[in-house]
Amino acid sequence: MIRIIKPSTSKLQRSSRSRLLSCWKLRAAAFSTKNGDERLLVIGSGVAGSAAALIAAENYKLPVSMLYAGALPTDCNSYWAQGGIIYEGKEGDDSPDLLAADIHRAGAGLCRDPAVQLVARRGPERVRELLLKGHPFAQVPFDRNAETGALSLCLEASHSAPRILHQADHTGRTITQHLAQAVAQHPLIQQHSHTVVTDLIVEDNICLGVNTLDRSTGVTQQMFGIHGTVLCAGGLGGIYQHSTNPPGFNALGSSVALAKRAGAITQDLEFVQFHPTALYIPNEARFLLTEALRGEGAILRNSSGYAFAKDYHPDGELAPRDVVARAVFEESQRGTVYLDITHRDATWLHQRFPSIQQHLQQHGLDLAKHQLPITPAAHYTCGGVATDLQGRTNVLNLYAAGEAACTGLHGGNRLASTSLLEGLVFGAAVADHVGSEEAKAVAASAAANVSNYKVPNMAWPLEPNHIQNAGVAALELLQRVRSTMWDHVGVARTPAGLERALEELNDVTDEIGTLHSMGPTLETAAVRDAACAGAAVAQAALQNRNSVGAHFITVDAESDTDDDVMVASD
Ligand SMILES: Cc1cc2nc3c(=O)[nH]c(=O)nc-3n(C[C@H](O)[C@H](O)[C@H](O)COP(=O)(O)OP(=O)(O)OC[C@H]3O[C@@H](n4cnc5c(N)ncnc54)[C@H](O)[C@@H]3O)c2cc1C
C-alpha cells in the first residue's frame, strides 16, 4: 500500500482541491532514471547534513543529493553559532568521562548514557576528520595560540575544563563556510537549493523519498533515494515569537512535522531551551548575546538598574541557562531588562566580540557604552525525531541527525556548544550505517518499490492572486502560531495555557491545510509545518507535569489542582 501522509481534509477542501486537480497543468514527465534514484537524500545543509553527506560520499562512495530550503547552504542555524564546538581539553585537565558528566548534569539527569558516551568518546575524532583534516573534508581555521600555534580552547558555562574550539564569536560561520566548500567540491554530492521538502514518501513503513516544492519556480516534484532519506532539517526555535534562530525557512519545525506526517516517533519535545539573553529591539529579529558575555562579567539589570540575578540563584548571572532565562522572563514582566558590560575596556570588548559589536553598531548601540535591552528567546530543541545511535527512526530508510533528532543526548537541557558536535557525530553515524550491509538490504526493498510510485512533476495553475493572498494569510497564521507558542508554550507553562495553545494550533492547522491544498507555496508549507510542530510541543508539555530541565510547568489556579504538578528537586 502506498501512502503519503497528509492531514485530513474537509469536504470544502476536497472539492476545491478536486477543481484544481482537474486543471493541473502537467509538466513533461521528468522521471529520475533508475541510477538517479540510487542515492542518499539529505535534507538540510547545516553541520549535520554536511557531515552525513561528506562521510557517505567520501567513505562509502554513495551518491548524495543534498536538499535545502535556502538560496545558499549557509542559510541555516549552524551558520549563526557564536560560541564554538566542543573538542577535547588538555591531557590531565579533561577526559571523555568529565565531558560526559557535564552533559548529564546539564541534562538534569535525563540524558541517555549511550548517546552521551558516543559524543564524549568519538567527538574529538569526528572533529579531526571533518573539520581539521582538510581535503576532501574541511580545514577550519579555528583560533590558535599566537605563541605556540596550538588550538585555542576556551571554557564555557557548566563545562569543567577549557575544551571549546572557536573563531572569535562567529565559529558557526567559519565552520559552515568550510563545510559548504567541501560539499560543493565533492563529485558525488549534488546540491539542490531553494528546495522545500513538503512531505516524505513512505510505503509499507519504508521511506522512499520526498515531495518537494521549488520555491523559485513553484514546481512540485518527487525525489527518490533508495539508500535512505536523512532528516537534518534542524529544530523549531523559529516558531516562537522571540527566537535566537535566524529568519528565513529555518527552524520552523519541518523535521518534526515531516516525521509526524510520515508516522515517525518524536520524543522529549517539551524540552525547548530558552536562551536568557537575546537583544530586544522592537520590529527587529532577535539577536543572540552569547553566554560568554556573562562569562566575561556582564550584569543583568532590571528596569530600575538593580542587579537581580543573585536573588534567583547563588551563581547569579552564571546560574544554569534555564534558571537565568526564567529570572529574566519574570523581571521582564515588570519592565525592560538589560545586559550591562559597560564596565569592561572598550578595545578589548570590540576585539573579543566583533560580530556582536558590528550588529549593535547597526542599531546605534555599543557594548562598551550601552546597557543592552534583552528578552529570553527560544534557542534550541532538545527533543526531536526519536532515533537510535545510528540515526535510525522507526520508519525504515528514514534517518534523522542534528537538532532534528532526539538521541537522548541532551535529556532535559543542552550543555552549551554540544550541538555542533552532535551534528558531526550523528550525521557521520547515519552515513556509516547507510554504508553498511544491513542498510543495503533495506535499500534493495526501497528500490523494488520506487518504480511503482512515480508521478510527473507539476506546476500548479495558481490563480493570479493566490500566491500573494496565500502569502499574506499564511504570514498572519504564522504570527498566531508564534504568539501562541510564546504566550502558552514558552518559558513558563500551565496545563490550562497548554490546552488553550492546542486549540489555537489545531485551528491554525485546519486553516493552513485548506490554503496549502489549494496550491502549496513557500509560506503555506512553512506554516503547515510550524503549526504541526507547535501542537506536538504543546502536547508533549501537557503530558509531562514534572518541572525539570528546560520544561517548567506551574499550576493554573483557575483550572488545575496542586496534584497536577510535581516540581522536581535538583
Ligand atoms: C544564534 C545561535 C547560536 C548558537 N551557538 C551555538 C554554539 O556556539 N555552539 C553550538 O554547539 N551550538 C550553537 N547553536 C546551536 C546550533 O547552531 C544548532 O543546533 C546546529 O547548528 C543545528 O545544526 P543542524 O545541522 O541540525 O541544523 P541547521 O543548521 O539548522 O540546518 C537546517 C537545514 O535544514 C534546512 N531545512 C529546514 N526545513 C527544511 C525543509 N522543509 N525543506 C528543506 N530544507 C529544510 C535548512 O534550509 C537548513 O539547511 C546556536 C544556535 C543559534 C541559533
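Heads up: the sequence shown at position 453 corresponds to 453 in this note's numbering, and the numbers run straight through without jumps. Heads up, the beta-carbon is just placed ideally off N, CA and C, and yes, glycines get one too.
Please tell me whether residue i and residue j are closer than 8 Å, where the distance is taken between their beta carbons.
| i | j | result |
| --- | --- | --- |
| Ala278 | Thr244 | yes |
| His571 | Ser216 | Residue numbering for the chain in the displayed model covers 1 to 570; residue 571 lies beyond these limits and cannot be assessed. |
| Ile55 | Ala431 | yes |
| Arg286 | Asp340 | no |
| Ile85 | Leu420 | yes |
| Ala220 | Leu213 | Inspection of the sequence shows that residue 220 is occupied by Thr rather than by Ala. Cβ distance < 8 Å, so Thr220 and Leu213 count as in contact. |
| Lys454 | Gln185 | no |
| Ile512 | Arg528 | yes |
| Cys154 | Pro141 | no |
| Asn413 | Gly549 | yes |
| Ala405 | Ala52 | no |
| His370 | Thr342 | yes |
| His350 | Leu367 | yes |
| Thr381 | Ala115 | no |
| Ala309 | Glu317 | yes |
Shorter than 7 Å, the distance from the beta carbon of residue i to the closest heavy atom of ligand 1, or not?
| i | result |
| --- | --- |
| Cys207 | no |
| Leu522 | no |
| Thr174 | no |
| Asn211 | no |
| Thr407 | no |
| Glu403 | yes |
| Ala53 | no |
| Ser517 | no |
| Thr217 | no |
| Ile281 | no |
| Ile43 | yes |
| Cys584 | There is simply no residue 584 to check, as the chain begins at 1 and stops at 570 in what is shown. |
| Val127 | no |
| Cys232 | yes |
| His379 | yes |
| Gly107 | no |
| Ile85 | yes |
| Leu288 | yes |
| Gln82 | yes |
| Ser571 | Nothing can be reported for residue 571, as the shown portion of the chain is limited to 1 through 570. |
| Asn250 | yes |
| Gly225 | no |
| Asn245 | yes |
| Thr195 | yes |
| Leu420 | yes |
| Ser158 | no |
| Lys266 | Going by the sequence as given, residue 266 is Thr instead of Lys. False, no ligand heavy atom lies under 7 Å from that Cβ. |
Quick check on residue i: buried or exposed, where buried means 16 or more other Cβ atoms within 10 Å of its Cβ?
| i | result |
| --- | --- |
| Tyr306 | exposed |
| Trp348 | exposed |
| Gln358 | exposed |
| Gly70 | buried |
| Ile265 | exposed |
| Gln273 | buried |
| Arg14 | Only weak support is given to the placement of Arg14: the predicted model assigns it a pLDDT of 35, under 50, and the value that follows is read from those uncertain coordinates. By the 10 Å Cβ count, Arg14 comes out exposed. |
| Gly384 | buried |
| Ile553 | buried |
| Ser547 | buried |
| Ser569 | Below a pLDDT of 50, predicted positions are generally treated as unreliable, and Ser569, at 27, falls in that range; no measurement from the model is reported. |
| Gly109 | exposed |
| His551 | buried |
| Leu26 | Reliability fails at Leu26, whose pLDDT of 27 lies under 50, so the model's placement of it is uncertain and the value that follows must be treated cautiously. The residue in question, Leu26, is exposed, as its Cβ has fewer than 16 Cβ neighbours within 10 Å. |
Return the Cβ separation of residue i and residue j in integer angstroms, given the expectation that the two are a contact with Cβ distance under 8 Å.
| i | j | result |
| --- | --- | --- |
| Leu233 | Gly44 | Looking at the sequence itself, residue 233 is Ala, so the reference to Leu does not match. The Cβ separation is near 5 Å, so the contact holds. |
| His227 | Val434 | 5 Å |
| Cys207 | Leu409 | Not really, about 23 Å apart at Cβ, beyond 8 Å. |
| Leu62 | Leu41 | That pair is no contact at about 11 Å. |
| Gln267 | Ala386 | 4 Å |
| Ala473 | Leu515 | 6 Å |
| Pro373 | Ala325 | About 16 Å separates the two Cβ atoms, so there is no contact after all. |
Exercise. Kindly confirm or deny that the segment 174 to 185 and the segment 123 to 143 touch, where touching means at least three C-beta pairs closer than 8 Å.
Key: Enough Cβ pairs lie closer than 8 Å, so yes.
Quiz prompt | the segment 242 to 262 contacting the segment 513 to 520, beta-carbon criterion three pairs below 8 Å | solution = Counting C-beta pairs closer than 8 Å gives fewer than three between the segment 242 to 262 and the segment 513 to 520, which falls short of the contact rule.
Quiz item: If you pair each beta-carbon of the segment 62 to 70 with each one of the segment 140 to 154, do three or more pairs fall below 8 Å?
Solution: No, the segment 62 to 70 does not touch the segment 140 to 154.
Exercise. Could you tell me whether the segment 380 to 396 touches the segment 352 to 369, where touching means 3 or more Cβ pairs closer than 8 Å?
Key: The segment 380 to 396, when compared against the segment 352 to 369, does not touch it at the 8 Å Cβ threshold.
Quiz item: If we count Cβ pairs, one from each stretch, closer than 8 Å, do we get three or more for the segment 73 to 83 versus the segment 196 to 214?
Solution: No, the segment 73 to 83 is not in contact with the segment 196 to 214.
Practice problem: Report yes or no: do three or more beta-carbon pairs, one from the segment 156 to 171 and one from the segment 497 to 517, lie closer than 8 Å? | Solution: Counting C-beta pairs closer than 8 Å gives fewer than three between the segment 156 to 171 and the segment 497 to 517, which falls short of the contact rule.
Self-check item: Segment contact, 8 Å Cβ cut-off, at least three pairs: the segment 255 to 264 with the segment 124 to 133
Solution: Short answer: they don't touch.
Exercise. Determine, using beta-carbon pairs with one atom in the segment 464 to 481 and one in the segment 439 to 448, whether at least three such pairs fall under 8 Å.
Key: Here the segment 464 to 481 makes no contact with the segment 439 to 448; the two share fewer than three CB pairs at distances below 8 Å.
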